[in-house]
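K.L.:
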Amino acid sequence: MTSAGEFHDVVSCFGDPFDAYHGNSPRTNVQDGVWTSTEYPAEYDISLHNELSQASRWPRRLFFCCLVAPQTGGSTPVSDGRALLDDLDPGVRSRFESRGWPTCSPCTAGTARASRGRRRTRPTTGPLSSSC
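Its first residue numbered 17, the sequence shown is counted upward by one per residue in our numbering.
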């Protein structure tokens, strides 16, 4: 893959692109459905998070493409927030909920939980947030 256009063509094979990014991090729209990564300085870490969990709609799939690799770092850990929530100590989860921290998106509450046995990445920093 050598261009944003090629990336767009591949992603388009999976259905309509999610062309409206309404997140809160600085990004540039390269072309329809193709956005830059978060435009923070390289020394900033981005904690594990649920993509667009604050939005009223979010993409069903995320696609990543790297046209210019960083000299160091640049990894993108991906995890299932439902599995992380399932693994969280029930007492800790209860304390979050009692303080008003939602652990489920109202749009997805009651849907099937993550299947057991998936490889999971545990967050090391950042607040709890999950769409379950």
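Every residue, glycine too, gets a C-beta built ideally from N, C-alpha and C.
Just how far apart, CA to CA, sit residue 151 and residue 103?
P.N.:
Because residue 151 is not part of the residues shown, which for the chain are 17 to 148, the question remains open.
K.L.:
For the region 40 to 119, list the alpha helix (DSSP H) runs that are entirely contained and at least 4 residues long, ordered along the chain.
P.N.:
Secondary structure remark: continuous alpha helix (DSSP H) runs of at least 4 residues inside the region 40 to 119, in chain order: 97 to 103, 106 to 114.
K.L.:
Under a three-way DSSP split, which group does residue 31 fall into?
P.N.:
Your numbering for residue 31 matches position 15 in the sequence shown. It is coil, neither helix nor strand.
K.L.:
Using a Cβ distance threshold of 8 angstroms, determine whether the region 21 to 32 contacts the region 66 to 84, with at least three qualifying pairs required.
P.N.:
yes
K.L.:
Distance, Cα to Cα, residue 18 vs residue 84?
P.N.:
Here residue 18 is taken as the residue at index 2 of the sequence shown, counted from 1. Here residue 84 is taken as the residue at index 68 of the sequence shown, counted from 1. The straight-line gap from Cα to Cα measures roughly 9 angstroms.
K.L.:
Between the alpha carbons of residue 87 and residue 56, how many angstroms are there, rounded?
P.N.:
Along the sequence shown, one-based indexing puts residue 87 at 71. Along the sequence shown, one-based indexing puts residue 56 at 40. So the two alpha carbons sit approximately 16 angstroms from each other.
K.L.:
Using the Cβ count rule (16 or more neighbours within 10 Å means buried), how would you classify residue 97?
P.N.:
As a working note, residue 97 is residue 81 in the sequence shown. A residue is called buried once 16 or more other Cβ atoms fall within 10 Å of its Cβ, and residue 97 is buried on that count.
K.L.:
Between the alpha carbons of residue 127 and residue 99, how many angstroms are there, rounded?
P.N.:
Translated into positions along the sequence shown, residue 127 becomes position 111. Translated into positions along the sequence shown, residue 99 becomes position 83. In this predicted model, residue 127 has a pLDDT of only 42, less than 50, meaning its place in the structure is not dependable; the value taken from the coordinates is given anyway. Straight across, the Cα-Cα distance linking residue 127 with residue 99 is about 13 angstroms.
K.L.:
Within its chain, find whatever has a CB closer than 6 angstroms to the CB of residue 74; leave out the 5 residues flanking it on each side and keep chain order.
P.N.:
Indexing the sequence shown from 1 puts residue 74 at position 58. Non-local C-beta neighbours of residue 74 in its own chain, meaning closer than 6 angstroms and more than five positions away in sequence, comprise 68, ordered along the chain.
K.L.:
Could you tell me if residue 108 is buried or exposed, where buried requires 16 or more neighbouring beta carbons within 10 angstroms of its beta carbon?
P.N.:
Numbered from 1 along the sequence shown, position 92 holds the residue referred to as residue 108. The Cβ neighbour count for residue 108, taken over all protein chains shown within 10 Å, is under 16; the residue is labelled exposed.
K.L.:
Would residue 143 be called buried (16 or more neighbouring beta carbons within 10 Å of its own) or exposed?
P.N.:
The count along the sequence shown starts at 1 and reaches residue 143 at position 127. Summary for residue 143: the model assigns pLDDT 40, below 50, so the residue's position carries little reliability, and this model does not support an answer.
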